[in-house]
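Down below is the structure, laid out as structure tokens.
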Amino acid sequence: MSRIRGTRTRPRVLIIVQNLPVPFDRRVWLECQTLTEAGYDVTVICPTGDGTWEERVVDGVRIVPYRAYAPGGSAVGFALEYAYSFLATARIALRERRAGAFDVVQACNPPDIFWPLARWLRRRDGSRFVFDHHDLCPELYVSRFADGPRVLHRALLRLERETFRAADRVASTNESYAAVATGRGGVLQESVTVVRTGPDPNRLRRREALPELRRGREHLVAYLGVMGPQDGVDIALRAADVIINSMGRRDISFTLMGAGDCHADLVSERNRLGLQDFVEMPGRVPDETVAEVLSTADVGLSPDPLNPLNDVSTMNKTMEYMSFGLPVVAFDLTETRVSAQDAARYVEPNDVTAYARAVVDLVDDATARTAMGRRGRELVEKHLAWQHQQVGYLALYDELVGRAGQRLGRDLSIHTSTSTPDTSGSGTPKRSETSTARETVGHLSATEA
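Our numbering numbers the first residue of the sequence shown as 17 and each following residue consecutively.
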């Protein structure tokens, strides 16, 4: 039996995030805004990050952080991190529950570890459980630790299976992930909703170019996203080496924005290749810088290599390039084609030389760039934007709490909130009609899905 629930008019939601602080996790932040504007009372538990140390309320969303603990990038290190995160999250959840039972608990992966807490809250309070399916953790493990112990892979499959079994509803980021949920997860098809992490075209849109960002050259090529082992930034660097040192193109500058486990090693590799004058790697950057660079660039890079995870994952950076009207060069991956369609130039997976040639070909073809950029922007505006994706997400919640057809708040089909977290690290939300809602400036999960 739930406590205090009968005295409230706003359904209470608990959202659990482990791998990123909020509001820096852009997908989760969009979900929070959608729920809050629809009349839900939202509390988020997440780790701390730069400038996000204190409990606070941001745009009506209560954010309760715990001190982050990340002992290292090994398999054992991740196990320790996840055990610590589960205990820290459970402690805060039980404390927050004193104010009243949660109607819905949402856990976002990775990792797939919060189902025991969700089950306990269901038994104790009748809380429903939504699994926000961001990643395929077994595939992520194989992609990062190809030679790792198979027992850990089996354990991840078991944790994933238990999460699916515990969930009342699953929100998957694309059709491939939804197929995993209904396949090896055994979830009924009617209990799975595809909710893509669509960009907001009202904020992520091309503005006036700043020629100085090309650093004295004619063209600029950009990357925005996580820099982890499976993200392909090493491929982008090797492609830049081919373009500059092998093909002799001295008219192209590169700006690779983002942070992650591999950033320091990638900077060292850039220096070893002698690319310091051509390739800028500033790490995590503010929203304004992201908008300026992507508005000036000629091509956006999605160098994610083919592996079991990337092939079925939706890369948010690809859709965000498209929102800026920026043509994309990507390897030919299943879900990348679904998202980008003819707004991208596709290359045989993991072929560095072919990737370099595709970048140069697109840089040299202004007509193709313009057509592809226009097509990408059209796909975002008509299909991929969050204003379209949030409809299914909100319907999922309304059904669980018995509010279907009883919309509170504003008409969410035109959701255009101007609140944007400051990814520069201040932790203070910025408000600007032209600021960009960033998900990836060094903060995303491994797949960005």
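Cβ coordinates follow ideal geometry from the N, Cα and C atoms, glycine included.
The beta-carbon distance between Thr-68 and Pro-81, rounded to whole angstroms, is 6 Å. This is short enough to meet the 8 Å contact definition. Listed as beta-bridge partners of Ser-318 by DSSP are Ala-346.
Take Gly-164, set aside five residues on each side of it, and the residues of its chain with a beta-carbon closer than 7 Å to its own are Ala-91, Tyr-157, in chain order.
The three-state secondary structure of Cys-48, taken from DSSP, is helix.
Boundaries of the beta strand (DSSP E) harbouring Thr-209: 208-210, taken from the DSSP string. Considered as a whole, the stretch 347-386 harbours 360-363 as its complete beta strand (DSSP E) runs of no fewer than 3 residues, in chain order.
In the three-state scheme derived from DSSP, where H, G and I count as helix and E and B as strand, Thr-59 is classed as strand.
In this structure, Arg-26 lies near Gly-55, with their beta-carbon atoms less than 9 Å apart.
Every beta strand (DSSP E) of 3 residues or more that sits fully in the stretch 77-105 is shown, in chain order, as 77-82.
Under DSSP, Ala-123 shares a beta bridge with Ile-32, Phe-147.
Here the alpha carbons of Arg-113 and Leu-322 stand approximately 43 Å from one another. For the options Phe-118, His-150, Val-379, the alpha carbon positioned closest to that of Arg-266 is the one of Val-379. Distance from the CA of Pro-63 to the CA of Ser-262, rounded to the nearest whole angstrom, comes to 44 Å. Closest option to Val-354, judged by alpha-carbon separation, among Arg-212, Val-60, Arg-160, Val-58: Arg-212. Per DSSP, the continuous beta strand (DSSP E) segment holding Ala-187 begins and ends at 185-188. Using a 10 angstroms sphere on the CB of Gly-389, the tally of other CB atoms reaches 16 or more, which defines it as buried. Counted as a single uninterrupted DSSP element, the beta strand (DSSP E) harbouring Glu-296 occupies residues 295-299.
Three or more beta-carbon pairs separated by less than 8 Å link the stretch 246-256 to the stretch 272-280, which places the two stretches in contact. DSSP, reduced to helix, strand and coil, places Ala-225 outside both helices and strands of the structure shown, so it counts as coil. Its Cα nearest to that of Ala-171, the residue Pro-127 stands out among Val-237, Gly-142, Pro-127.
Rounded to the nearest whole angstrom, the C-alpha separation of Asn-332 and Pro-215 is 8 Å. By the beta-carbon neighbour count (other beta carbons within 10 angstroms, threshold 16), Ser-101 is buried. Boundaries of the beta strand (DSSP E) around Thr-271: 268-273.
With the rule of 3 Cβ pairs closer than 8 Å, the stretch 387-407 does not count as touching the stretch 276-283. Counting other Cβ atoms within 10 Å of its Cβ, Val-73 stays below 16 and is therefore classed as exposed. With contacts defined as CB atoms closer than 9 Å, Ala-372 and Arg-361 fail to qualify as a contacting pair. Cβ contact annotation for Thr-179 (same chain, cutoff 6 Å, sequence separation greater than five): Asp-128, Trp-131, Phe-147, in chain order. Of Asn-326, Thr-350, Thr-52, the smallest CA-CA separation from Gly-248 is found for Asn-326. By the C-beta density criterion, Asn-287 is exposed, having fewer than 16 other C-beta atoms within 10 angstroms. The beta carbon of Arg-43 lies closer than 6 Å to those of Thr-213 in the same chain, with the five residues before and after it left out. Arg-72 sits in a strand when the DSSP states are folded into three classes.
Glu-234 and Arg-28 have their C-alpha atoms some 53 Å from each other. Here Asp-41 is buried, its C-beta having at least 16 other C-beta atoms within 10 Å. A residue is called buried when at least 16 other Cβ atoms come within 10 angstroms of its Cβ; Gly-341 meets this threshold and is buried. Here the C-alpha atom of Ser-329 lies approximately 30 Å from the C-alpha atom of Leu-289. Counting along the chain, no beta strand (DSSP E) covers Leu-172; the unbroken alpha helix (DSSP H) around it starts and ends at 166-182.
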